[in-house]
Ligand SMILES: [Zn+2]
Ligand SMILES: [Zn+2]
């Protein structure tokens with residue numbers, strides 16, 4: 248297993264000061280280490296967030312009326328020795344502020360705008376950081392090295408690239424590992440990873456915000472349906488009704504409705520007992536009816552035993568009770 252600990256010592260007091268300056272006086276920073284090793288949901292929207300630029304439909308208009316910004320999907324992994332950011336979104340400053348300090352390293356899934364462009368805040372126009380460890384695939388690293396403005400971050404040693412090999416656990420700290428899982432996804436600039444976090448006590452969390460189709464992935468979701476596992480899966484679109492003028496075959500995402508139907512055929516889920524794992528959806532497009540907790544689609548999803556990830560949710564990976572979001576077993580054991 249590759250190890251990246253002891254944690255980087257590159258974030259000296261200077262950067263704490265800089266962070267304070269970035270967020271301004273009066274900003275209260277939470278303590279770095281809580282008692283639990285946990286995963287914090289820092290955002291749940293598709294790459295462009297919500298409200299969505301140029302959209303005047305209900306989800307976006309309501310968010311504007313409420314002054315609400317749904318941040319782009321990202322996770323914070325808080326350990327005993329530091330924390331690690333999964334994806335650098337356009338909302339990176341607020342997401343780092345929510346965690347209370349700069350991350351010890353950043354792990355990137357791929358080179359679409361919602362997943363890596365937050366690196367710009369580490370550059371000389373913003374933080375001007377020093378050797379922030381950034382872990383990504385070889386192809387994404389090559390892309391960053393060859394294209395501005397990212398190559399400048401490397402040249403000025405504001406970030407330090409590390410290659411994250413596929414299917415190889417990387418130890419974040421003793422007892423906690425991250426494995427990059429290649430997934431099929433639109434790949435103009437880079438390939439795409441999902442991430443699996445594994446704690447030594449057996450708990451795990453699977454994070455796949457973007458994938459073309461499940462059947463194109465050589466892995467099986469059943470491999471990850473272990474007791475006390477949490478799965479956060481691509482929930483971009485609920486159904487084709489969101490895209491009335493588009494050919495569904497051109498939409499490179501599994502629909503939430505299809506994913507639920509597919510999962511419910513699995514023996515592990517097609518039974519009357521409560522699931523020993525939990526399955527949620529993340530990376531919601533602005534058009535998704537799951538933004539509305541009172542929609543028929545939200546009611547159906549919850550009734551079938553799934554959940555929608557929300558910013559601020561926390562999943563304990565170490566000890567203490569698992570944050571069970573599903574209180575009732577699926578009602579229909581003969582679901583298709
Ligand atoms: Zn995305
Ligand atoms: Zn993508």
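Numbering (the numbering used here), first residue to last: 248 to 583. Beta carbons: idealized from backbone N, C-alpha and C, even for Gly.
DSSP places residue 351 outside any beta strand (DSSP E), giving it a letter other than H or E. The closest heavy atom of ligand 2 lies 7 Å or more from the beta carbon of residue 392.
By the criterion of a C-beta distance shorter than 6 Å, residue 404 is surrounded in its chain by 378, once the five residues flanking it on both sides are discounted. With respect to residue 290, residue 336 sits close: the two C-beta atoms are nearer than 8 Å.
Judged by the Cβ position, residue 441 fails to qualify as a neighbour of ligand 1 at the 7 Å threshold, every heavy atom of the ligand being at least this far.
If you look at residue 504, you'll find it in the alpha helix (DSSP H) that goes 503 to 510.
In the three-state scheme derived from DSSP, where H, G and I count as helix and E and B as strand, residue 424 is classed as strand. The beta carbon of residue 464 is closer than 8 Å to those of 430, 431, 458 in its chain, skipping five residues each way along the sequence. A check of alpha carbon separations from residue 414 across 427, 421, 423, 420 identifies 427 as the nearest. Taking 8 Å as the cut-off, the beta carbon of residue 438 is found closer than this to the beta carbon of residue 386. Membership of residue 445 in the beta strand (DSSP E) is indicated by the continuous run 439 to 446.
Here the C-alpha atom of residue 548 lies approximately 21 Å from the C-alpha atom of residue 474. The beta carbon of residue 354 lies closer than 6 Å to those of 333, 382 in the same chain, with the five residues before and after it left out. By DSSP's assignment, residue 463 forms no beta bridge with any residue.
Judged by beta-carbon spacing, residue 528 lies within the 8 Å limit of residue 480, meaning their Cβ atoms are closer than that value. By the C-beta density criterion, residue 318 is buried, having at least 16 other C-beta atoms within 10 angstroms. Only buried fits residue 420, as 16 or more other CB atoms lie within 10 angstroms of its CB. Here residue 366 is near residue 400, since their CB atoms are less than 8 Å apart. One alpha carbon belongs to residue 455, the other to residue 320, and they sit about 10 Å apart. Per DSSP, residue 383 is one residue of the beta strand (DSSP E) stretching across 379 to 383. Distances taken from the Cβ of residue 559 to the heavy atoms of ligand 1 include none shorter than 7 Å. The nearest non-hydrogen atom of ligand 1 is 7 Å or more from the C-beta of residue 365. DSSP places residue 285 outside any alpha helix (DSSP H); the residue lies instead in the beta strand (DSSP E), whose first and last residues are 285 to 290. Counting only residues of its own chain and dropping the five nearest sequence neighbours on each side, residue 331 has a CB closer than 8 Å to the CB of 323, 324, 350, 351, 352, 353, 354, 419, 425. The criterion of a C-beta distance shorter than 8 Å is satisfied by residue 478 and residue 526.
In the three-state reduction of the DSSP assignment, residue 409 falls in the strand class, which pools E and B. In this structure, the alpha-carbon of residue 422 lies about 31 Å from that of residue 506. Relative to ligand 2, the beta carbon of residue 433 is positioned inside 7 Å of a heavy atom. Taking a contact as a CB-CB distance under 8 Å, the pair residue 393 and residue 534 does not count as one, their CB atoms being some 34 Å apart.
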